[in-house]
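**Q** My questions all concern the structure below.
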Amino acid sequence: MIELSGVGYSYGDSRLFGDITLSLAPGAFHFLTGPSGAGKTTLLKLCYLELAPDEGQIDIFGKDAAALNRDDIAKARQRIGVVHQDCQFIDHMPLAENIMLPLRVAGRDHAAEQNNLRDLMAWVGLGDKADALPPELSGGERQRAALARAVIMSPDVILADEPTGNVDWDMSLRLLTLLVELNRMGKSVLLATHDLALIRQAKAQVPARVLRLRDRVLQQAGSDL
Ligand SMILES: Nc1ncnc2c1ncn2[C@@H]1O[C@H](COP(=O)(O)OP(=O)(O)OP(=O)(O)O)[C@@H](O)[C@H]1O
Ligand SMILES: [Mg+2]
């Protein structure tokens with residue numbers, strides 16, 4: 138699905154990491170951990186082609202990302218659901234519309250997806266917030282909405298950046314269950330998190346791999362988690 142080979146990235150003169158190799162295969166569930174500032178968000182941005190690497194190659198759905206034109210990139214992105222760490226929404230648009238936006242952009246029949254939308258919003262605990270405007274939501278509610286928006290298209294790959302950073306433990310488990318179910322349906326999941334308890338919980342349910350970004354390299358974490 139997404140493969141990074143020998144990837145390096147710098148912001149200006151400051152080298153963040155190098156020689157990153159990562160293969161997100163169909164049906165894989167990977168966690169991405171590491172200290173704040175290590176580059177987790179940057180690595181996810183490389184995976185969804187918001188950033189281009191300084192070194193190495195990124196293959197996306199079997200194609201070299203560097204050879205893709207804008208249309209190809211837009212098509213590839215439709216197969217990737219992203220939960221951004223900062224959860225941006227269109228503030229004047231009701232929440233349900235925001236969550237449906239990826240369907241609209243892709244030209245899909247969103248009327249046919251109303252049941253799906255309702256179920257998804259109920260699952261993430263936002264069943265009564267369809268008409269709310271994003272600025273009226275709490276941080277945790279925004280995160281839950283961002284996850285709903287990321288999965289509404291039923292993407293092949295889900296990249297989630299700290300999707301449970303602002304929610305309580307019960308809701309974290311609920312969001313994890315959603316991701317585990319999607320993973321069991323064959324979706325690939327890459328989830329950046331600091332929450333070791335969440336990782337332990339996931340590992341009891343799926344054969345998740347834990348990657349740690351630290352000191353400019355990506356390593357597979359041991360089984361001590
Ligand atoms: N647009 C940018 N320009 C310059 N430096 C940046 C930019 N974005 C991030 N950085 C720097 O790159 C480093 C890695 O940032 P990144 O957001 O990828 O880390 P992170 O591992 O996701 O951290 P956190 O756990 O706090 O979310 C940080 O030192 C950050 O200040
Ligand atoms: Mg981050």
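Each residue of the sequence shown is one higher than the one before, counting from 138 in our numbering.
All residues carry an ideal CB built from backbone N, CA and C; glycine is no exception.
Determine whether the beta carbon atoms of Arg356 and Arg349 lie at a separation below 8 Å.
**A** In the sequence on display, residue 356 carries Gln and not Arg. Yes, the pair counts as a contact, with Cβ atoms nearer than the cut-off.
**Q** Going by CA-CA distance only, name the one from Glu187, His167, Pro231 that's closest to Arg286.
**A** Out of Glu187, His167, Pro231, Pro231 has the C-alpha closest to the C-alpha of Arg286.
**Q** Let me have the residue list for ligand 2: C-beta closer than 7 Å to any non-hydrogen atom, ordered along the chain.
**A** Residues with a Cβ closer than 7 Å to any heavy atom of ligand 2, in chain order: Lys177, Thr178, Gln222, Asp298, Glu299, Ala329.
**Q** Let me know if Val294 comes out buried or exposed under the rule of 16 or more other beta-carbons within 10 Å of its beta-carbon.
**A** Val294 should be labelled buried.
**Q** Quick check on the DSSP output: the beta strand (DSSP E) that includes Leu350 runs from which residue to which?
**A** From DSSP, the beta strand (DSSP E) with Leu350 extends over 346–351.
**Q** What residue from Ser173, Glu278, Val144, Asp191 has the CA that sits closest to Asp150's CA?
**A** Ranking the options by Cα distance to Asp150, first place goes to Asp191.
**Q** What would DSSP say about Thr178, mapped onto helix, strand or coil?
**A** Note: Thr178 maps to helix in three-state DSSP.
**Q** For Asn206, is the classification buried or exposed, using 16 other Cβ atoms within 10 angstroms of its Cβ as the cut-off for buried?
**A** Looking at its Cβ environment, which holds fewer than 16 other Cβ atoms inside 10 Å, Asn206 is exposed.
**Q** Does any heavy atom of ligand 1 sit closer than 7 Å to the C-beta of Leu153?
**A** The answer is yes for Leu153.
**Q** Using 8 Å as the threshold, is the region 177–187 in touch with the region 214–224, meaning 3 or more CB pairs across them?
**A** In short, these stretches touch, since the Cβ pair count reaches three.
**Q** Alpha carbons only, please: which of Asp268, Glu299, Met290 is nearest the one belonging to Gly276?
**A** If we check each option's Cα against that of Gly276, Glu299 comes out closest.
**Q** Note the first and the last residue of the continuous alpha helix (DSSP H) segment covering Ser309.
**A** Start and end: 306–321.
**Q** Buried or exposed: Ala148, going by 16 or more other Cβ atoms within 10 Å of its Cβ?
**A** The sequence shown places Tyr at residue 148, not Ala. With fewer than 16 other Cβ atoms within 10 Å, it is exposed.
**Q** Is it true that the CB of Pro271 sits closer than 8 Å to the CB of Arg279?
**A** Yes, Cβ-Cβ distance for Arg279 and Pro271 is below 8 Å.
**Q** Could you tell me if the beta carbon of Ala358 falls within a distance shorter than 7 Å of some heavy atom in ligand 1?
**A** Checking every heavy atom of ligand 1 against the Cβ of Ala358, none is found closer than 7 Å.
**Q** State the CB to CB distance for the pair Phe166 and Val326, rounded to an integer number of angstroms; the pair is presumed to be in contact (CB under 8 Å).
**A** Contact flag correct, Cβ pair sits at about 5 Å.
**Q** Residue range of the beta strand (DSSP E) that Asp298 falls in?
**A** Asp298 -> beta strand (DSSP E) spans 294–298.
**Q** Could you tell me the boundaries of the alpha helix (DSSP H) in which Ala282 lies?
**A** Ala282 -> alpha helix (DSSP H) spans 276–288.
**Q** May I ask you to list the residues that DSSP assigns as paired with Phe166?
**A** Its beta-bridge partners are Val326.
**Q** Could you please give me the residues that DSSP links to Glu140 through a beta bridge?
**A** Partner(s): Ser160, Asp196.
**Q** Below 8 Å on the Cβ atoms is my guess for Leu240 versus Met322; work out the distance and round it to an integer in Å.
**A** Not quite, the Cβ-Cβ distance comes to about 18 Å (not below 8 Å), so this is no contact.
**Q** Using CA coordinates, which residue listed in Ala213, Arg351, Gly199 is at the minimum distance from Pro292?
**A** Of the candidates Ala213, Arg351, Gly199, the one whose C-alpha sits nearest the C-alpha of Pro292 is Ala213.
**Q** Would you kindly check if the distance between the Cβ of Arg351 and the Cβ of Gly171 is under 8 Å?
**A** The answer is yes: Cβ separation under 8 Å.
**Q** Quick check: Leu141 and Ile157, are their CB atoms within less than 8 Å of each other?
**A** Yes, these two residues count as a Cβ contact at 8 Å.
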